[in-house]
Amino acid sequence: MRRFLWILLAAFLLPATAHARLASGDWPDGAAISAIDGQPVSFESRSPFSPRDIGQGEARNPMTLASGQLFLPDRASSRGKVPAVVLIHGAGGVRYGRELTYGRQFAAMGIAALVVDAFAARRELASGFTERLLNITETMLVADVYAGLRYLAGRGDIDTDRIALIGFSYGGMASTYALHEQIAKSLAPEGLRFAGHVAFYGPCVARFADKRTTGAPYLMLYGGQDALIDPERCQEVLADIRAGGSPTDVVVYDEAYHLWDGSWRGPRRISRNLAGCSFEVSQSGLVRDRNTLLPMLGPVTRRLILAACVTDDGYLIGGDPDIRQQSNAVLGRFLARLFGFPLSAEAG
Numbered sequence: 002m003r004r005f006l007w008i009l010l011a012a013f014l015l016p017a018t019a020h021a022r023l024a025s026g027d028w029p030d031g032a033a034i035s036a037i038d039g040q041p042v043s044f045e046s047r048s049p050f051s052p053r054d055i056g057q058g059e060a061r062n063p064m065t066l067a068s069g070q071l072f073l074p075d076r077a078s079s080r081g082k083v084p085a086v087v088l089i090h091g092a093g094g095v096r097y098g099r100e101l102t103y104g105r106q107f108a109a110m111g112i113a114a115l116v117v118d119a120f121a122a123r124r125e126l127a128s129g130f131t132e133r134l135l136n137i138t139e140t141m142l143v144a145d146v147y148a149g150l151r152y153l154a155g156r157g158d159i160d161t162d163r164i165a166l167i168g169f170s171y172g173g174m175a176s177t178y179a180l181h182e183q184i185a186k187s188l189a190p191e192g193l194r195f196a197g198h199v200a201f202y203g204p205c206v207a208r209f210a211d212k213r214t215t216g217a218p219y220l221m222l223y224g225g226q227d228a229l230i231d232p233e234r235c236q237e238v239l240a241d242i243r244a245g246g247s248p249t250d251v252v253v254y255d256e257a258y259h260l261w262d263g264s265w266r267g268p269r270r271i272s273r274n275l276a277g278c279s280f281e282v283s284q285s286g287l288v289r290d291r292n293t294l295l296p297m298l299g300p301v302t303r304r305l306i307l308a309a310c311v312t313d314d315g316y317l318i319g320g321d322p323d324i325r326q327q328s329n330a331v332l333g334r335f336l337a338r339l340f341g342f343p344l345s346a347e348a349g
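So for the sequence shown, the working numbering puts the first residue at 2; every next one is plus one.
Next up, the structure:
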């Protein structure tokens, strides 16, 4: 009897302790997570070039075998279903110090994490940085995260009602797209929805004519020194999302550059800058450039549109452990509220 009571207490108290740590920002790291391995998984997805191509037949919406890594807490089981997050990467792809580290940290705190690799599933379309942006679109990333949601919902050890989506940079754009009901309805007509959406330093490029959202809470985080971010346009996107039915929160780290949760110390200038790009998604799913009025019908028109709005000055990146701990705490409180975890006294 004594052994049974100890097992019962461990089942409830140990996860609660881990959950309290989630909201503190002081997440497990180093040796505490090094032994946590992700298992490779694959699941059926599609590759629509833009929202208008979703569900339009094999030529415009081809089948794709999506891939990722799944990090599971030890306690996950059919009798002890756990909440989960889907993590979607930026234009640089999956990073060990970001998505794969977050995945291990979440698993250590009792939350399953599915790290989706949209680029690995589409190597025939592009391999280099620029070609990826031209040929592997944000809509394809959104298709994969909804496919990942469906995969998790089909497992017996995940709580289907407590699955959140977290996107970084390019993936932050995907997380914002995925919040809109016209996207959710087309990619998940059976009614599956994310419980919450998070965008880490995602450029605020697109606005939707149909502002309706799924109603899920939305968290936006970005750095005040991030040249990829147009704060005025981000405020417009946030206003659209609120008008569409989702509560929003935004946190700006004044001294942070892009990729503050990366392993590269900065500031370091890279790539090209698409902050000047501005798209509108119509109710039919047609994406149109608001600068040139060109419709985005495929790789050729996408190349023309990006050529007109992308500049060569790039942007600065720079990892900052202190800001990462701060954003961990913000993200942790958001997830704790979303998943119904108690907040520690320190977290507020």
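Don't be surprised by glycine CBs; every beta carbon is placed ideally from N, CA and C.
Identity of the residue in the options nearest residue i by Cα
{"i": "residue 281", "options": "51, 43, 122", "result": "51"}
{"i": "residue 120", "options": "265, 104, 95", "result": "95"}
{"i": "residue 272", "options": "228, 242, 147", "result": "228"}
{"i": "residue 142", "options": "279, 318, 201, 174", "result": "174"}
{"i": "residue 338", "options": "196, 38, 153", "result": "196"}
{"i": "residue 37", "options": "286, 45, 102, 181", "result": "102"}
{"i": "residue 169", "options": "267, 342, 88", "result": "88"}
{"i": "residue 156", "options": "163, 79, 100", "result": "79"}
{"i": "residue 306", "options": "214, 314, 297", "result": "297"}
{"i": "residue 1", "options": "132, 181, 231, 60", "result": "Here the chain has residues from 2 to 349 only, and residue 1 is not among them."}
{"i": "residue 250", "options": "93, 198, 28", "result": "198"}
{"i": "residue 30", "options": "138, 41, 322", "result": "322"}
{"i": "residue 275", "options": "214, 314, 284", "result": "314"}
{"i": "residue 153", "options": "42, 328, 290", "result": "42"}
{"i": "residue 265", "options": "62, 93, 28, 60", "result": "93"}
{"i": "residue 214", "options": "268, 241, 189, 191", "result": "241"}
{"i": "residue 341", "options": "100, 112, 64", "result": "112"}
{"i": "residue 285", "options": "327, 209, 234", "result": "209"}
{"i": "residue 62", "options": "138, 106, 134, 35", "result": "138"}
{"i": "residue 106", "options": "35, 125, 126", "result": "35"}
{"i": "residue 124", "options": "100, 81, 65", "result": "65"}
Under 9 Å between C-beta atoms of residue i and residue j
{"i": "residue 104", "j": "residue 114", "result": "yes"}
{"i": "residue 160", "j": "residue 217", "result": "no"}
{"i": "residue 238", "j": "residue 207", "result": "yes"}
{"i": "residue 211", "j": "residue 236", "result": "no"}
{"i": "residue 165", "j": "residue 49", "result": "no"}
{"i": "residue 147", "j": "residue 122", "result": "no"}
{"i": "residue 116", "j": "residue 39", "result": "yes"}
{"i": "residue 222", "j": "residue 332", "result": "yes"}
{"i": "residue 45", "j": "residue 67", "result": "yes"}
{"i": "residue 176", "j": "residue 203", "result": "yes"}
{"i": "residue 308", "j": "residue 26", "result": "no"}
{"i": "residue 47", "j": "residue 287", "result": "no"}
{"i": "residue 167", "j": "residue 205", "result": "no"}
{"i": "residue 194", "j": "residue 200", "result": "no"}
Nearest-angstrom beta carbon gap, residue j and residue i [assumed within contact, 8 Å]
{"i": "residue 91", "j": "residue 219", "result": "Residue 91 to residue 219, Cβ: 18 Å. No contact."}
{"i": "residue 109", "j": "residue 33", "result": "6 Å"}
{"i": "residue 24", "j": "residue 325", "result": "At roughly 15 Å, the Cβ-Cβ gap does not stay under 8 Å, so residue 24 and residue 325 are not in contact."}
{"i": "residue 83", "j": "residue 162", "result": "So it is not a contact: roughly 12 Å between Cβ atoms."}
{"i": "residue 69", "j": "residue 149", "result": "6 Å"}
{"i": "residue 254", "j": "residue 225", "result": "6 Å"}
{"i": "residue 21", "j": "residue 232", "result": "Rounded, the Cβ-Cβ distance is 33 Å, inconsistent with contact."}
{"i": "residue 292", "j": "residue 279", "result": "6 Å"}
Within-9 Å CB hit, residue i to chain D
{"i": "residue 205", "result": "Absence of chain D from the displayed structure is noted, only one protein chain being present."}
> Residue ranges of each alpha helix (DSSP H) run of no fewer than 4 residues wholly in the segment 62-116, ordered along the chain?
Replying inline: Counting only runs that start and end inside the segment 62-116, the alpha helix (DSSP H) elements of at least 4 residues fall at 102-109.
> Quick one: any contact between the segment 315-329 and the segment 255-262, if contact means 3 or more CB pairs under 8 Å?
Replying inline: Cβ pair count under 8 Å is three or more, so yes.
> Three or more beta-carbon pairs under 8 Å between the segment 297-316 and the segment 67-77, yes or no?
Replying inline: No, the segment 297-316 does not touch the segment 67-77.
>> Please give me, in chain order, every unbroken run of the alpha helix (DSSP H) with length at least 4 that falls completely inside the segment 161-216.
In response: Listed in chain order, the complete alpha helix (DSSP H) runs (minimum 4 residues) inside the segment 161-216 are 171-180, 182-188.
>> Runs of 3 residues minimum, wholly inside the segment 278-342: which ones carry the beta strand (DSSP E) assignment?
In response: Here the runs fully enclosed are 280-282, 288-290, 316-318.
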